[in-house]
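Under the UniProt record's numbering, the residue at position 36 of the sequence shown is numbered 36, and the numbers go up by one with no gaps. A virtual CB, placed ideally from N, CA and C, is assigned to each residue, including glycine. Remember, predicted model here, so these are calculated numbers, not experimental data. Take a look at the structure set out below.
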Amino acid sequence: MTARIFKPAKNAMQSGTAKTRDWQLDYEPEQPRMIEPLMGWTSSTDMQQQISLRFHSREEAIAYCEREGIPYQVLEPKEPVRRRAAYADNFAFRRGEPWTH
1 MTARIFKPAK NAMQSGTAKT RDWQLDYEPE QPRMIEPLMG WTSSTDMQQQ
51 ISLRFHSREE AIAYCEREGI PYQVLEPKEP VRRRAAYADN FAFRRGEPWT
101 H
């Protein structure tokens, strides 16, 4: 029962960064998922996959794992590359093609 400690990624459908500041603890699956023969649904008997804990800092998550005796691995987040853009860039002379509506 290994746990992963990571920062969740930003939601691709929105521009905000809500729910990405906290650290999340998820358990690795111990058993593979299986396909139910009658309906074809994917199921699992591993209940640890349903648990997802959130912590304010990485140190809190690590302390929780060590206190409970849970083996863990920490996945460091990659900082996103911020591209600076200004409204005036739409009308710049160096623009490759003319701006149109």
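When the five nearest sequence neighbours on each side are left out, the beta carbons in the same chain lying within less than 6 Å of the beta carbon of SER44 are those of ARG33, in order along the chain. Rounded to the nearest whole angstrom, the C-alpha separation of GLU30 and GLN49 is 9 Å. Taking 7 Å as the cut-off, the Cβ atoms of TRP23 and ARG58 count as close. Assignment of beta-bridge partners to TYR72 by DSSP yields ALA3. Between THR42 and ILE35, the CB-CB gap stays under 7 Å.
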